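Note sheet for the following structure.
Protein chains: 2
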Amino acid sequence: MATKIGILGYGNLGRGAEAAVKQNDDMELVGVFTRRDPSQLTIATPGVPVRSADDLLSGDPLDIDVLVICGGSATDLPEMTPKYAARYNVIDSFDTHARIPEHFQNVDQAATQAGKVAIISAGWDPGLFSLNRLMGNCFIPQGKDYTFWGKGVSQGHSDAVRRIDGVIDARQYTIPVESALESVRNGENPDLSTRQKHTRQVFVVAEEGADRDAITQAIVTMPNYFDEYDSTVEFISQEEMDRDHSGLPHGGFVLRSGELASGTKALIEYSLKLESNPDFTSSVLLAYARAVARLNAEGQSGCKTVFDIAPAYLSAHDGAYLRSHFL
Amino acid sequence: MATKIGILGYGNLGRGAEAAVKQNDDMELVGVFTRRDPSQLTIATPGVPVRSADDLLSGDPLDIDVLVICGGSATDLPEMTPKYAARYNVIDSFDTHARIPEHFQNVDQAATQAGKVAIISAGWDPGLFSLNRLMGNCFIPQGKDYTFWGKGVSQGHSDAVRRIDGVIDARQYTIPVESALESVRNGENPDLSTRQKHTRQVFVVAEEGADRDAITQAIVTMPNYFDEYDSTVEFISQEEMDRDHSGLPHGGFVLRSGELASGTKALIEYSLKLESNPDFTSSVLLAYARAVARLNAEGQSGCKTVFDIAPAYLSAHDGAYLRSHFL
């Protein structure tokens, strides 16, 4: 019997999750839920109902095995995930690293009381990159961790630039410094400052007559976002922006480098190259949604993270198949 | 209380496991067991008893939380692991891929009856590479898998060369073909033959007056081992062999490349660069030994593989620590 998936929120991530259901034969999309007016929303899958998010909370719980919550981490998920975990098995991609312990506790309390399973912070960072940081530390106990992001679009940084006076549109790429990455790969275990690890490349569409020097200065000196980085700013037309920068590529590298007890060096590198950050994130969410459904079917409850999920739970295949095909 | 580790077998892997215990503060080495005469074996750790492997099976079971079985896959482990799993929690690095299902069944039966936990085929391939093959397939359901090994020493191939008439010593390196790896990294999803993925480099110390052309021919045409590869053979002195080729470096790459349901491409790459294959394998074994002890303490029994182990079980830290430091 197919796992019944509900999707809450229909932005980039929700659309990605909707598409991802098609590549997972053991899953079925039973509804898309929106906080907007459902009659105004057209989704890609024919025959799947679009309903108000309120329907999830009023009356009896709907027949959904896992609700994939596709909201923003800043304000949506801290409020939404505990609320829905009190009625449904849920999964989210909460990515505000510093607030994960608090979010975990809120969701755990709601899910445990309801006898439901929740997985928070699934995706690739937090998510797959976290797994590789953890496992790297277990296999190479004495060593150093490195995470590089990009080349990819940072939506938070793009948004920050768009708020500058005179800016119509902006796109910010985070780019790992190749020489730093090479030094880590060579086992040199360098100490790297923020500036030595990444550069930031910004494309800006400015209003006609805007002071481009002032915009550039506002960008490169922006506290937290840009001031600790070497940033380049390039002004382009809206046509160029739409033509060359409409995608949301991303990726990165997690490395663990150290010396084993016998004195020999070891290096683990994990990397992702993604044409679309939300498409891949939603594909990861779907695999972990499978684990949510199974764990709850086994009688478990409470909040989990990627650290708590045995990899076999991510696959539609049984143990014997996995051992003979993948081990 | 520290996890009590016993090591059975004191070759490269056993010595690596002994060293690895020192990098895991929550573990304690309580004995090294050998099938040789214990009085002839001196180990690196002062104060740890060296005992006969027979002591593990006679009388009451010894006070060992996990027995790390460091034997060969060809003949040792198929016989040893089930035998010791009937009395102890055990872990091995059984690596004959084709025989894993059979080995699993034998160990599972013994461990289940005894109420013990066993993990088989832990290490990096099978092991970490297997995890990445499995997870890659879950996150990129439509795509292609690639595994490249090296640059590293294949002991099986080195041994095969040593059996050739006139050969005193030999070392064989497996080397990934860089252009093939690049094609995969570029998302080209190539179909690669055996010959297109790896080359083999052989260093040989020949007897004085041996027919070097005949040795070279015997190597490059050797069925299964070399005939499907482009191999190079170089004759060196024993001094050069000892000086330049005494290590057992290895590593490799697992890639999963495909197209997500939305039509965007995604690529996952996992790689290892190891100065010593057995040192790293034993470090991985120790982390999974921690999981063995915990699962058994929770009341579980039976045979598991890396697919069945939630990553949190590999770490000495608790869930709250892992979430705040690694997620």
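Protein chains in written order, with the UniProt record's numbering: chain V, 1 to 327; chain U, 1 to 327.
No residue lacks a Cβ here, since even glycine has one placed at the ideal position from N, Cα and C.
Treat the numbers as computed from the prediction; the structure is a model and nothing was measured.
Minimum C-alpha distance to V/Tyr84 - residue among V/Pro61, V/Ser93, V/Ser73: The count along the first sequence starts at 1 and reaches residue 84 of chain V at position 84. Checking every option, the nearest Cα to that of V/Tyr84 belongs to V/Pro61.
Check the Cβ of residue 330 of chain U against every Cβ in chain V and list those closer than 7 Å, keeping chain order. The requested residue 330 of chain U is not part of the displayed model; chain U covers only 1 to 327.
Cα separation between U/Leu29 and U/Leu255? As a working mapping, residue 29 of chain U is identified with position 29 in the second sequence. As a working mapping, residue 255 of chain U is identified with position 255 in the second sequence. Those two C-alpha atoms are separated by around 37 Å.
Taking C-beta pairs closer than 7 Å, name the residues in chain V that U/Gly16 reaches, listed in chain order. Along the second sequence, read from residue 1 onward, the residue named residue 16 of chain U stands at position 16. Those within 7 Å of U/Gly16 in chain V are Ser262.
So, does the CB of V/Lys193 fall closer than 8 Å to a CB anywhere in chain U? As a working note, residue 193 of chain V is residue 193 in the first sequence. Rather than Lys, the amino acid found at residue 193 of chain V in this sequence is Ser. Chain U has no Cβ within less than 8 Å of the Cβ of V/Ser193.
Looking at chain U, is there any beta carbon in it that lies within less than 8 Å of the beta carbon of V/Tyr84? In the first sequence, the residue the question calls residue 84 of chain V occupies position 84. Taking Cβ atoms only, chain U never reaches closer than 8 Å to V/Tyr84, which makes this a no.
Run of the beta strand (DSSP E) containing U/Lys4, from where it starts to where it stops: To locate residue 4 of chain U, count along the second sequence from 1; it is residue 4. For U/Lys4, the enclosing beta strand (DSSP E) starts and ends at 3-8.
Beta strand (DSSP E) containing U/Gly31: first to last residue? Reading the second sequence from its first residue, position 31 is the one you call residue 31 of chain U. Annotation for U/Gly31: the continuous beta strand (DSSP E) segment containing it runs 27-34.
In the DSSP output, what is U/Thr232 paired with across the bridge? Locating residue 232 of chain U in the second sequence gives position 232, where the first residue counts as 1. For U/Thr232, which the question treats as bridged, DSSP gives the partners U/Gln201.
Beta-carbon neighbours of V/Asn24, restricted to chain U and to distances below 7 Å: One-based indexing of the first sequence puts residue 24 of chain V at position 24. For the C-beta of V/Asn24, the chain U residues within less than 7 Å are, from N- to C-terminus, Pro141.
Assuming U/Cys303 is part of the beta strand (DSSP E), what are its boundary residues? Residue mapping note: residue 303 of chain U aligns to position 303 of the second sequence, counting from 1. Judged by DSSP secondary structure, U/Cys303 falls within the beta strand (DSSP E) whose first and last residues are 302-304.
Which of the residues in the stretch 284-308 of chain V, read from start to end, lie with their CB under 7 Å from any CB of chain U? Answer in chain order: Val284, Ala287, Thr305, Phe307, Asp308.
For the putative contact between U/Gln23 and V/Ala261, defined by C-beta atoms under 8 Å, what is the C-beta separation to the nearest angstrom? Translated into positions along the second sequence, residue 23 of chain U becomes position 23. Translated into positions along the first sequence, residue 261 of chain V becomes position 261. The C-beta distance from U/Gln23 to V/Ala261 rounds to 5 Å, short enough to fall under 8 Å.
Going along the chain, which residues of the stretch 75-105 of chain U sit with their C-beta nearer than 8 Å to a C-beta in chain V? For chain V, the residues of the stretch 75-105 of chain U that bring a beta carbon within less than 8 Å of one of its beta carbons are His97, Ile100, Pro101, Phe104, in chain order.
Any idea which residues DSSP pairs U/Val90 with across the strands? Residue numbering aside, residue 90 of chain U sits at position 90 when the second sequence is read from its first letter. Paired residues: U/Leu67, U/Ala118.
Give the secondary structure of V/Ala266 by DSSP, where H, G and I count as helix, E and B as strand, and everything else as coil. Taking the first sequence and counting its residues from 1, the one referred to as residue 266 of chain V is at position 266. Of the three classes helix, strand and coil, the one that applies to V/Ala266 here is strand, per DSSP.
Which of the three DSSP states is assigned to U/Tyr313 in this structure? One-based indexing of the second sequence puts residue 313 of chain U at position 313. In the displayed model, U/Tyr313 falls within a helix according to three-state DSSP.
V/Asn186 classed as buried or exposed, judged by whether at least 16 other C-beta atoms fall within 10 angstroms: Indexing the first sequence from 1 puts residue 186 of chain V at position 186. With fewer than 16 Cβ atoms within 10 Å of its Cβ, V/Asn186 is classed as exposed.
DSSP state of U/Phe226 mapped onto helix, strand, coil: Within the second sequence, numbered from 1, the residue matching residue 226 of chain U stands at position 226. DSSP places U/Phe226 in the coil class of the three-state scheme, outside both helix and strand.
Report yes or no: do the stretch 269-279 of chain V and the stretch 160-179 of chain V share at least 3 C-beta pairs separated by less than 8 Å? These segments do not touch.
For a contact meaning CB atoms closer than 7 Å, what does U/Met135 contact in chain V? As a working note, residue 135 of chain U is residue 135 in the second sequence. What U/Met135 touches in chain V: Pro311, Leu314.
Beta-carbon proximity list for U/Ala293, same chain, < 6 Å, skipping 5 on both sides: Taking the second sequence and counting its residues from 1, the one referred to as residue 293 of chain U is at position 293. So the qualifying residues of the chain are Thr3, Asp65, Val66.
U/Ala17 and U/Ser282 - do their beta-carbons sit closer together than 8 Å? Here the question's residue 282 of chain U lines up with position 282 in the second sequence. Here the question's residue 17 of chain U lines up with position 17 in the second sequence. In this structure, U/Ala17 lies closer than 8 Å to U/Ser282 by Cβ.
Quick check on U/Val177: does DSSP put it in helix, strand or coil? Indexing the second sequence from 1 puts residue 177 of chain U at position 177. If DSSP states are grouped into helix, strand and coil, U/Val177 belongs with coil.
Classify V/Thr281 as helix, strand or coil using the three-state DSSP reduction. Counted from its first residue, the first sequence places residue 281 of chain V at position 281. Reduced to three states, the DSSP call for V/Thr281 is helix.
Against chain U, does V/Asp279 count as a neighbour if the rule is that its beta carbon must be under 8 Å from one of theirs? Your numbering for residue 279 of chain V matches position 279 in the first sequence. So yes, V/Asp279 belongs to the interface.
Around the C-beta of V/Ser73, are 16 or more other C-beta atoms found within 10 angstroms, so that it is buried, or is it exposed? Taking the first residue of the first sequence as 1, we reach residue 73 of chain V at position 73. Looking at its Cβ environment, which holds 16 or more other Cβ atoms inside 10 Å, V/Ser73 is buried.
I think U/Val306 touches U/Ser130, with their Cβ atoms under 8 Å apart; what is that distance to the nearest whole Å? Counting from one through the second sequence, the residue named residue 306 of chain U turns up at place 306. Counting from one through the second sequence, the residue named residue 130 of chain U turns up at place 130. The C-beta distance from U/Val306 to U/Ser130 rounds to 6 Å, short enough to fall under 8 Å.
Element boundaries [beta strand (DSSP E), containing U/Leu62]: If you number the second sequence from 1, residue 62 of chain U lands on position 62. In the DSSP assignment, U/Leu62 falls outside any beta strand (DSSP E) and carries neither an H nor an E.
Are the C-beta atoms of U/Phe326 and some chain V residue less than 8 Å apart? Looking up residue 326 of chain U in the second sequence gives position 326. Yes, its Cβ sits closer than 8 Å to a Cβ of chain V.
For a quick check, are the C-beta atoms of U/Leu285 and U/Ile43 less than 8 Å apart? Indexing the second sequence from 1 puts residue 285 of chain U at position 285. Indexing the second sequence from 1 puts residue 43 of chain U at position 43. In this structure, U/Ile43 does not lie closer than 8 Å to U/Leu285 by Cβ.
Ranges of the beta strand (DSSP E) found wholly within the stretch 92-177 of chain V, counting only runs of at least 3: Look at the stretch 92-177 of chain V and you find these whole runs of beta strand (DSSP E), each 3 residues long or longer: 117-119, 143-149, 167-176.
Is V/Glu188 near the ligand NAD, going by C-beta to nearest heavy atom under 7 Å? Only the bare structure without any ligand can be found here, which leaves the ligand NAD out of the picture.
At the 8 Å Cβ level, is U/Ile268 part of the contact set with chain V, yes or no? Taking the second sequence and counting its residues from 1, the one referred to as residue 268 of chain U is at position 268. At least one chain V Cβ lies under 8 Å of U/Ile268.
According to DSSP, which residues form a beta bridge with U/His250? Position 250 of the second sequence, counting from 1, holds the residue named residue 250 of chain U. Answer by DSSP bridge pairing, in chain order: U/Leu274.
Is V/Tyr225 buried or exposed, if buried means 16 or more other CB atoms sit within 10 Å of its CB? As a position in the first sequence, residue 225 of chain V is number 225, starting the count at 1. For V/Tyr225, the number of other beta carbons within 10 angstroms of its own is at least 16, and it is reported as buried.
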